[in-house]
């Protein structure tokens, strides 16, 4: 039921790019992306709506393929501050106004100098 | 800025104890959520509340209950704590009635049951 994120973990050097994928077995209305730094609260990055693509945060962008029920998060020219665990949260088409999300398994990203 | 405050960052309790985790938000959000975070499993929804005294079970409600007597406060209760409830617990809130609303999280409570 939970979306599957890949990779589970990735190590980068500063300036390198990374892609994090989120795949659902169910139809999706929207996908939310969050980042959680160690010891801190998860922080909202952006929402991808059905049929749309949105850039929302620093040099981080994302895409949403509703047909494949997948979303990808693109981190370009990574900075040390990008380190953390990234979560996708999926919202089904019949979710109504509950705003309930099903979160993925998480991707740990470590950016090294 | 939205502020979601969880009463404790760290908590250590004994098996069989009744444990209360408290969460307060200051943005007049209707929705409040309790999640459990475990390595490799991501965030899993325990309970959800969309209004005062209203609640819905999430994906893993067994062994937990909740209370929402005031709009700004949502409590998670472990009726009889067990070691397999050792985990990080996160509270979140959001607006109701509009789709595409982000959830705002507290810093979490790391609970250890001995």
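Chains as they are written, first to last, in this note's numbering: chain A, 1 to 113; chain B, 1001 to 1114. Where a beta carbon is used, it is the ideal one built from N, C-alpha and C, also for glycine. Everything numeric in this text was worked out from a predicted model, so none of it was measured.
query	result
Cβ pair count under 8 Å reaching 3, the region 1028-1035 of chain B against the region 1046-1059 of chain B	yes
Whole-angstrom distance between residue 1063 of chain B and residue 1086 of chain B, CA atom to CA atom	12 Å
Length of the line joining the Cα atoms of residue 4 of chain A and residue 82 of chain A	21 Å
Anticipated Cβ contact below 8 Å, residue 115 of chain A with residue 1105 of chain B, distance rounded	Here chain A covers residues 1 to 113 and nothing more, so residue 115 of chain A does not appear.
Residues bridged to residue 75 of chain A (per DSSP)	A/18, A/60
Cβ contact check for the region 94-108 of chain A and the region 1070-1087 of chain B: 3 or more pairs under 8 Å	no
Nearest-angstrom Cβ-Cβ length linking residue 28 of chain A and residue 35 of chain A, presumed shorter than 8 Å	Actually they are not in contact, since the Cβ atoms of residue 28 of chain A and residue 35 of chain A sit about 20 Å apart, beyond 8 Å.
Any chain B beta carbon closer than 8 Å to residue 71 of chain A	no
Expected contact under 8 Å - CB spacing of residue 1035 of chain B and residue 1043 of chain B to nearest Å	4 Å
Per-residue burial, residue 32 of chain A [other beta carbons within 10 Å of its own, 16 or more giving buried]	buried
Residue 1024 of chain B to residue 1109 of chain B span [Cα, whole Å]	13 Å
Same chain, Cβ closer than 6 Å to residue 110 of chain A, five either side skipped, listed in chain order	11, 83
Where residue 1101 of chain B falls: helix, strand or coil (DSSP)	coil
Cutoff 6 Å; reference residue 1103 of chain B; Cβ partners in own chain excluding five residues on either side	1092, 1094
Chain A residues whose Cβ lies nearer than 7 Å to that of residue 1067 of chain B	Correct list: empty, because the minimum Cβ distance to chain A is about 19 Å.
Residues of the region 78-109 of chain A whose Cβ lies closer than 7 Å to any Cβ of chain B, in chain order	87, 97, 98, 99, 100, 101, 103, 104, 105, 106
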